[in-house]
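Undergrad:
Residue numbers (our numbering): 5 to 366.
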């Protein structure tokens, strides 16, 4: 059993007196249109009305990666008037609120839950599945922990948000300790975009803290090769060197990465960084995200390209999270050409057709 006292003692006392670099950068985040317009020399008058409904936060690190207006990183970070014009999506298409038995916890699958540890992020992604909760007051975790203690069917807890790593080390350690003390919880998973959007958060203290709660898995989130820098590589290397298994979830976004070559390159780089590609998500039908929607056939075509051209370890599952709270389902290209009683005809990645016999012809 991990010692909470040990985890708290491992956090330097000086951290309270001098904010760590990641918190200093957060405090310098761009939240209004003016600084963006000045930096890039463009008019952003359309941005301010969007901010009344959907806040913006771009920290200086991620801002430094944007090359020009309209590039793949700009589209992920900077508000678009299309967010206001979207009449097709809903605030909560996955019915997470209905699946929340207590505030701050989502129980959709029998054996695992999502615990919303924070409502804050280092950068507010414009395609966020929880745009309705961005920058909202955080839910207390007391009721969620009590629910976990009373629900022995739950074997895995996924910390999400917002971003769980927006918590300071001390409250994060306390939360992880309270979960680890529940005997029937076997696995802890942390979902964070900060190794991508603000890798400065991955300090030595944080890595030691997370490594103390094994078995613990960390799913991170990169959408484009331009998000991978020496700094983010170093952050992932620190985590992997500490024995923390890393997976990556990518969202398929129109105008960002809806291209087989871009996804191929991204998955290839992640795999070399010891980050196992996990999911390629069809973007959820959240209000304000319709301009990011891609046809499902586009995702299937990308998956078809990856298969056979990239190591199987680097091929993610293409997932659709069903509206109405139905959960995630994988989609795959159709490799079956024909079914016969004694054999199937299957098409390989090159388009060639082969017969696979189900029983001996003798």
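Note that CB positions come from ideal geometry on N, CA and C, so glycine has one too. Every value quoted in this text rests on a predicted model; they were computed, and no experiment measured them.
1) What ranges does the beta strand (DSSP E) occupy inside the stretch 157 to 194, keeping only unbroken runs of at least 3 residues that lie completely in it?
2) Residue 284 and residue 323: beta carbons closer than 8 Å?
3) How would you label residue 228, buried or exposed, when you count the other beta carbons within 10 angstroms and need 16 or more for buried?
4) Where does residue 88 sit, in a helix, a strand or coil, going by DSSP?
5) Going by C-alpha to C-alpha distance, which of 56, 49, 32 sits closest to residue 38?
6) Does the stretch 59 to 77 come close enough to the stretch 102 to 119 that 3 or more CB-CB pairs lie under 8 Å?
7) To the nearest angstrom, how far is it from the Cα of residue 242 to the Cα of residue 208?
8) Taking the alpha carbon of residue 312 as the point to measure from, which residue in 351, 103, 214 has its own alpha carbon closest?
9) DSSP state of residue 232, grouped into three classes?
10) Determine the extent of the beta strand (DSSP E) in which residue 286 is found, giving its start and end residues.
11) Taking contact to mean 3 or more Cβ pairs, one atom from each stretch, closer than 8 Å, check whether the stretch 115 to 135 and the stretch 69 to 85 are in contact.
12) DSSP three-state label for residue 293, please.
13) In its own chain, which residues sit with a C-beta less than 6 Å from the C-beta of residue 126, not counting the 5 before and 5 after it?
14) May I have the straight-line CA-CA distance separating residue 361 from residue 338, to the nearest angstrom?
15) Which one or two residues does DSSP pair with residue 311 in a beta bridge?
16) Using only alpha-carbon positions, find the residue among 354, 85, 210 that is nearest to residue 295.
17) So residue 252 and residue 281 are supposed to be a Cβ contact under 8 Å. How far apart are they, rounded?
TA: On the basis of the coordinates in this document:
1) 160 to 164
2) yes
3) buried
4) Residue state, collapsed to three classes: helix.
5) Minimum Cα distance to residue 38 is reached at 49.
6) no
7) 8 Å
8) 351
9) Residue 232 carries a coil assignment under DSSP once its states are collapsed to helix, strand and coil.
10) Per DSSP, residue 286 is one residue of the beta strand (DSSP E) stretching across 280 to 286.
11) yes
12) The answer is coil: DSSP assigns residue 293 none of H, G, I, E or B.
13) 63, 198, 201, 202
14) 18 Å
15) 314
16) 85
17) 5 Å
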